[in-house]
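Read through the structure below, which is laid out as structure tokens, and then see the notes.
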Amino acid sequence: MNTHFDRSTIRDFIKACGQMLLLLSILFAFPVYAAGEEVTGITTALGIDTAENPAADKPLLDAPSEEGASASPVVIPEPAPPPIISGESTNNAQIETTPTPQKDNDIRQRIQGIFSEIEGLQAVNVSVTQGVVTLTGETPNEKKAQQAINLTNRLTDVVTVEDRIDRTLDVQDNVTTVYQGLKAQAKNLVKALPLLLVGIVLFALVTWFGSWLSNRKKMWQRLTPNPFVAELLSQTVKVIFIIFGLILALSLIGAETILGTLLGGAGVIGIAVGFAVKDTIENYIASLMLSIRQPFRARDHILINNQEGIVVRLTSRATILMTLDGNQLRIPNAEVFKATILNYTKNPERRFTFELGVDANDDPLAAIKVGLDAIHRLAFVLDEPKAVAVITNVGDSNIILEFQIWVDQSDTDFSKARSIAIRETKHALENEGFSLPEPIYRLRFNSNLEKAFENMQANANADSAKSDMTITPKVPDKNQNEDNSVYDKDKKQAKARAKLILQGRNADEVLNARPDDKLMEKVEQEIAESSDETDLLNNNSPQE
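The sequence shown begins at 1391 in the numbering used here and counts up one residue at a time.
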């Protein structure tokens, strides 16, 4: 009796231990996706009441064992998860194996309860069979129909949704819905008016302070001597305060999402506008760089891409020049920034050149000395650098001399000085007996014309023809000497006439090489005139 009791007790103990080991192995090895499945087979094998654990129905298979040993249960491999039904209105939850009519009824009641509380969905009918929900009835528009389908799909026990809803698109229903929505928004706006007014006031105060701070021009000029950079800083501060005030106002009324939308839209618009006005942006950046570099000053005589004039001012859009003809010239700063700039005022010493030719029989070095002596007697010619002359070319009948002369263009008109120097050099060479060669032309006749002339001569008197064809030594021709004397007489008369004219009234203006004061007066007048555009040229700014 005791032996049987002991054996049965030991057998029960071993069986209990095996069941505990099996239960632990199931808990640790159970897949995650099957955590909610029923394991009734396991509870049956373990002798556990299914009422207490209805979710345990996994079938187990006892492995054969020897007598007196506990049977080790073997877990049947869990089947793959059921496929998910695809479709536009399919719930992605797993489908139950054994659905019940009670669950279908619960699903239908739950969906109808939800639809009854939503405007526009009361007319939707619901029927459920095997977890498949069929929606019929009417909705005023497509938006309400999609809302019904989406709400139905959110229930966990719904397999799929069949959409059979009729979209009536009734004018009255849709207009009423829109009207009610607008009415509700109007009521909310009226309620939010005090808060909205506070936000507007806050935005106005922050913006006003930014504008006031931006208008402190003296403060910005103390920070940077460059007027353009100072203006850029002031405008940047103003924009920052405007954005800051907008953020505060929107945060106060709880509309931060609007700010994100505005910034995103502003970014897209900024890219489009940037491509559209790239030339304007390029011109603006060029203005900034020119204001920093200061390549020229007001009243400088410069040459920009063959455009010559005197600088009046540099604005944020263009460089304004006064041409030597007295006209105003505006050049875009983008073109000025990329152009080759020749500044005549930067170095007041400037050289001009001119060429004169003397006869090939004359000594060119003697002619150079005569010309330089005449040039050095001119008051506007600088002694250092010295004026020089060189032989540039030797032709068939003349020798070309180039004279190089330096003047101070700050107190000398360049064109007038060159004109006077050419005149004085020419007269000096002629007075010393150097002749300025005249052009020589050679006529060529073709062979037929030459034969015709020969035949005409052959028909003439033979004696006369022979005397004409006789070659005689060259002797001074009396007529030629008379021609030379007449030429010299004409030259003397021309010089006497010029001397008489230059001694007349206002003759000094012709021989005066001073700059024209009228042009500089126009420049000073343009500089003094008030303009809406800020002059970016500043003598206090460093110049490159």
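Virtual Cβ for every residue (Gly too), placed ideally from N, Cα, C.
Three or more beta-carbon pairs separated by less than 8 Å link the stretch 1615–1633 to the stretch 1591–1599, which places the two stretches in contact. According to the DSSP assignment, Ile1731 belongs to the beta strand (DSSP E) that extends over 1731–1733. DSSP places Gln1512 outside both helix and strand once states are collapsed to three, so it counts as coil. The beta carbons of Asp1803 and Asp1906 sit closer together than 8 Å. Rounded to the nearest whole angstrom, the CA to CA distance from Asn1733 to Ser1921 is 25 Å.
For the pair Phe1665 and Ile1671, the Cα-to-Cα distance works out to about 9 Å. A direct Cα-Cα distance of roughly 41 Å separates Val1658 from Asn1696.
Remark: C-beta atoms of Val1726 and Ile1682 do not approach each other more closely than 8 Å. Shown here for Ala1724: same chain residues with a beta carbon closer than 6 Å to its own, the five before and five after excluded, namely Glu1672, Asn1673, Ala1676 in chain order. A straight line joining the alpha-carbon of Thr1558 with that of Val1588 spans about 45 Å. About 5 Å separates the Cβ atoms of Val1522 and Thr1550, confirming a contact at the 8 Å cut-off. Considered as a whole, the stretch 1530–1583 harbours 1532–1543 as its complete alpha helix (DSSP H) runs of no fewer than 4 residues, in chain order. By alpha-carbon distance to Ser1805, the top candidate from Ala1594, Asp1553, Leu1901, Val1514 is Leu1901. From the listed residues Val1514, Phe1686, Val1591, the smallest Cα separation to Leu1926 is found for Phe1686. Around the beta carbon of Lys1534, a 10 Å sphere encloses 16 or more other beta carbons of the protein chains shown; the residue is thus reported as buried.
Three or more Cβ pairs drawn from the stretch 1808–1822 and the stretch 1756–1770 lie within less than 8 Å of each other, which places the two stretches in contact. In terms of Cβ geometry, Ile1790 and Gly1761 do not form a close pair [threshold 8 Å]. According to the DSSP assignment, Leu1704 belongs to the beta strand (DSSP E) that extends over 1697–1704.
In terms of Cβ geometry, Phe1593 and Gly1655 do not form a close pair [threshold 8 Å]. Taking the Cβ atoms as the reference, Leu1613 lies roughly 7 Å from Leu1623, within the contact range of under 8 Å. DSSP places Thr1670 inside the alpha helix (DSSP H), whose first and last residues are 1668–1683. Burial is judged here by how many other beta carbons sit within 10 angstroms of a residue's own beta carbon; Ala1620 has at least 16 and is buried. Cα atoms of Asp1494 and Arg1500: separation of roughly 10 Å, rounded to the nearest angstrom.
The distance from the Cβ of Ala1777 to that of Phe1793 is about 7 Å, consistent with a contact at the 8 Å cut-off.
Here DSSP, grouped into helix, strand and coil, assigns Ile1643 to coil. Taking Ser1800 as reference, the option from Ala1574, Gly1660, Arg1740, Phe1824 with the minimal CA-CA separation is Arg1740. For the pair Asn1515 and Leu1583, the Cα-to-Cα distance works out to about 42 Å. With respect to Ile1555, Thr1519 sits apart: the two C-beta atoms are not nearer than 8 Å.
Nearest to Leu1525 by alpha-carbon distance, out of Asp1798, Glu1532, Thr1542, Asn1531, is Thr1542. With fewer than 16 neighbouring CB atoms inside 10 Å of its own CB, Thr1490 falls in the exposed class. Per DSSP, the beta-bridge partners of Arg1740 are Val1797. In the DSSP assignment, Thr1709 falls within the unbroken beta strand (DSSP E) covering 1708–1712. Inclusion of Asp1880 and Phe1824 in the CB contact set at 8 Å is not warranted, their separation being larger than that value. If you ignore the 5 residues before and after Glu1552, its C-beta comes within less than 8 Å of the C-beta of Ser1479, Val1522, Val1523, Thr1524, Leu1525, all in its own chain and listed in chain order. In this chain, the beta strand (DSSP E) harbouring Gln1718 covers 1718–1722.
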